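In what follows, a structure is listed as structure tokens, so that the remarks can point back to it.
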Amino acid sequence: MFSSPHQNPRPSDPQPKNQQPTESPRPDRRFRVLVIAEAANPELISVPLVGWSHSQALARVADIHLVTQVRNREAIVRAGWREEEDFTAIDSERVAAPAYRLTRWLPGGWTTKMAVTALTYRYFERLVWKRFGGDLQAGKWDIVHRLTPLSPTVPSSIAARLAGVGVPFVIGPLNGGVAWAREFDAARRSEREWLSYVRDAYKLLLGYRATRKHASAIICGSRATLEQMPAWCHTKCHYLPENAIDPARFSRQAQGPVRTPLRVAFVGRLVPYKCPDILIEAAAPLIRAGKVVVDILGDGPLMPELKNMVAKLELGPGVRLDGWVEHEHLQDRLAESDVFGFPSIREFGGAVVLEAMALGLVPVIVDYAGPGELVTQETGFKMPMAPREQLVTGMRAILENLATHPETIRPMGQRARERVFQEFTWEAKARQVLGIYEKCL
2 MFSSPHQNPR PSDPQPKNQQ PTESPRPDRR FRVLVIAEAA NPELISVPLV GWSHSQALAR
62 VADIHLVTQV RNREAIVRAG WREEEDFTAI DSERVAAPAY RLTRWLPGGW TTKMAVTALT
122 YRYFERLVWK RFGGDLQAGK WDIVHRLTPL SPTVPSSIAA RLAGVGVPFV IGPLNGGVAW
182 AREFDAARRS EREWLSYVRD AYKLLLGYRA TRKHASAIIC GSRATLEQMP AWCHTKCHYL
242 PENAIDPARF SRQAQGPVRT PLRVAFVGRL VPYKCPDILI EAAAPLIRAG KVVVDILGDG
302 PLMPELKNMV AKLELGPGVR LDGWVEHEHL QDRLAESDVF GFPSIREFGG AVVLEAMALG
362 LVPVIVDYAG PGELVTQETG FKMPMAPREQ LVTGMRAILE NLATHPETIR PMGQRARERV
422 FQEFTWEAKA RQVLGIYEKC L
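In structure tokens, the structure reads:
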């Protein structure tokens, strides 16, 4: 079994005030929380789905009012929330729309998009304060919690204003800034991550220090983000992994005897840092031997390259490249598999790993950043970060072992499922955040 030498916190890791927030005695009434989630959409994935799911869970434990961007309005109304009563849609399109068009043309990757977001988000918060500043000064809200953006590079212009009127400000989960592994600098160039070489320049942005100074609590969604926090604000930091799952979305489970060939699934955008090619190359001899079938669920610029790779390695129907699968149908496809092969080398959170574990699949991941914090030795396999050739060899050995000993898969998958449903549901996360609110007050 592959495991990380850093599976447990290192002595040099910064220690937040509350590693795992726990519930404290409930106040006499529910907290009144103004939740700011510029990205919150029940019909999208990634950050907008995190913003929506987290808001929805918080609404069950507190009296919240969601403040989001106008582009999310229709989807939230379709989800049954009432505008002005349950949420407010802020129209910042005057700045957001041209900025979005700009990011589509800029020659850069995710870091470049976040740099533009940091510059335009200030306008969104300016409109939020214009709309709610009077209510906050009048004491209508107990707490303001900014859920999204998740990036720690985006400061908040209202943090100091909230401190001035005595309203606690909670920010997070903040997640990002995972360093590119030196073994995959070529992938960084392929992703056009030019700004990542000077990423720390965000600490010079107006509002960087004020956001951290005036926040009552900072929720860090990964240990990488926690390590980025200045030492002087560690006492207000809380480590709480970014992602969670909605049990209602994952009612199915991989079950029954594991048959030959072993089915291995991959889900994600087909881009260089996700490394679907590593999975295909690792599984190639097992596919040709009839021991393994690989399902690649996703699409992206690597699709033509992967198709050529499958043809060159003569893998035929042993690799299924089916493109995107709608999120509501994803569990049906994943439940057909036994193992989740995910050799991504730069994941901030790893929501898809949690989703696979929730269905009882055994994850095989690279122990770097988000996924490494979700998977344990009892619930999956973690390969230490290494050059590409070593990751191929390591993943092949794991798949060979699982194909030879299929009786180990279902028990491990069940432990993975139990871990997710006990610790990584949105309900559990909301209870932990409620504990943070109580400490702030």
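For the sequence shown, our numbering begins at 2 and goes up steadily by one.
We put the beta carbon where it would ideally sit given N, CA and C, even for glycine.
Source: prediction; values computed, not measured.
If residue i sits next to residue j, beta carbons under 8 angstroms apart, how far is it from one beta carbon to the other, in whole angstroms?
i, j, result
"Leu-303", "Ala-285", "Leu-303 to Ala-285, Cβ: 16 angstroms. No contact."
"Glu-243", "Gly-350", "4 angstroms"
"Phe-267", "Val-295", "7 angstroms"
"Phe-343", "Val-365", "7 angstroms"
"Ser-338", "Arg-264", "4 angstroms"
"Ala-283", "Cys-441", "The Cβ separation is near 47 angstroms, so there is no contact."
"Ser-443", "Leu-120", "In the structure as shown, the chain starts at 2 and stops at 442, and residue 443 therefore has no counterpart that could be examined."
"Ile-346", "Val-171", "Incorrect: roughly 32 angstroms between the Cβ atoms, too far for contact."
"Val-62", "Arg-432", "7 angstroms"
Nearest CA to the CA of residue i: which residue from the options?
i, options, result
"Ala-80", "Pro-150, Ser-93, Glu-44 and Tyr-101", "Glu-44"
"Ser-152", "Ala-218, Gly-173 and Leu-392", "Gly-173"
"Pro-248", "Val-171, Thr-212, Phe-425 and Ile-91", "Phe-425"
"Gly-208", "Lys-141, Pro-372, Leu-128 and Ala-161", "Ala-161"
"Arg-123", "Leu-360, Ala-97 and Ala-60", "Ala-97"
"Arg-250", "Ile-437, Val-34, Asp-333 and Arg-432", "Asp-333"
"Val-34", "Gly-140, Val-353 and Glu-84", "Gly-140"
"Leu-435", "Val-48, His-146 and Ile-91", "His-146"
"Gly-317", "Ile-288, Arg-72, Ala-336 and Pro-412", "Ile-288"
"Gly-319", "Gly-52, Leu-67 and Gly-291", "Gly-291"
"Leu-271", "Asp-323, Gly-178, Cys-221 and Ser-223", "Asp-323"
"Ile-297", "Gly-269, Pro-305 and Met-310", "Gly-269"
"Gly-165", "Ala-211, Arg-132, Trp-53 and Asn-176", "Ala-211"
"Ile-91", "Arg-74, Leu-227 and Ile-65", "Arg-74"
"Ala-404", "His-328, Val-340 and Arg-72", "Val-340"
"Cys-221", "Gly-177, Arg-183, Ser-252 and Ala-255", "Gly-177"
"Met-358", "Glu-390, Arg-418 and Gln-391", "Arg-418"
"Val-36", "Arg-30, Val-168 and Ser-47", "Val-168"
"Glu-126", "Ser-158, Ile-77, Gly-371 and Leu-375", "Ser-158"
Starting from residue i, follow the alpha helix (DSSP H) in both directions and report where the run begins and ends.
i, result
"Glu-211", "Looking at the sequence itself, residue 211 is Ala, so the reference to Glu does not match. First-last of the alpha helix (DSSP H) with Ala-211: 209–215."
"Asp-333", "328–335"
"Arg-418", "410–424"
"Ala-232", "That residue, Ala-232, is in no alpha helix (DSSP H); it is neither H nor E in DSSP."
"Ala-404", "389–405"
"Pro-277", "277–289"
"Ala-312", "304–313"
"Gly-167", "Looking at the DSSP string, Gly-167 is not in any alpha helix (DSSP H), and its letter there is neither H nor E."
"Ala-58", "48–59"
Who are residue i's beta bridge partners in DSSP?
i, result
"Met-384", "Val-367"
"Gln-70", "Ile-91"
"Ile-246", "Thr-426"
"Asp-296", "Ala-266 and Arg-321"
"Arg-33", "Asp-64"
"Glu-86", "DSSP, once it has assigned bridges, lists no residue as partnering Glu-86."
"Glu-75", "Partner(s): none; Glu-75 has no beta bridge."
"Glu-348", "Ala-370"
"Ala-221", "In the sequence on display, residue 221 carries Cys and not Ala. Partner(s): Leu-175 and Tyr-240."
"Ala-38", "Thr-149"
Give the range of the beta strand (DSSP E) segment to which residue i is assigned.
i, result
"Tyr-240", "238–240"
"Arg-147", "144–149"
"Val-155", "It is not in any beta strand (DSSP E) - Val-155 carries neither H nor E in the DSSP assignment."
"Gly-342", "340–343"
"Ala-352", "Run containing Ala-352: none in the beta strand (DSSP E); it sits in the alpha helix (DSSP H), 352–359."
With a threshold of 7 angstroms (Cβ to nearest heavy atom), would residue i be considered close to the ligand ATP?
i, result
"Gly-414", "The ligand ATP is not part of the structure shown, which contains no ligands of any sort."
Could you confirm whether any beta carbon from chain D is found closer than 8 angstroms to the beta carbon of residue i?
i, result
"Ala-404", "No chain D appears in the structure shown, which is made up of a single protein chain."
Check whether the segment 251–265 and the segment 230–238 are in contact - that is, three or more C-beta pairs closer than 8 angstroms.
At 8 angstroms Cβ cutoff, the stretches do not touch.
The segment 264–283 / the segment 372–388 touching (three or more Cβ pairs under 8 angstroms)
No contact exists between the segment 264–283 and the segment 372–388.
Are three or more beta carbon pairs between the segment 413–425 and the segment 369–383 nearer than 8 angstroms?
Segments in contact, yes.
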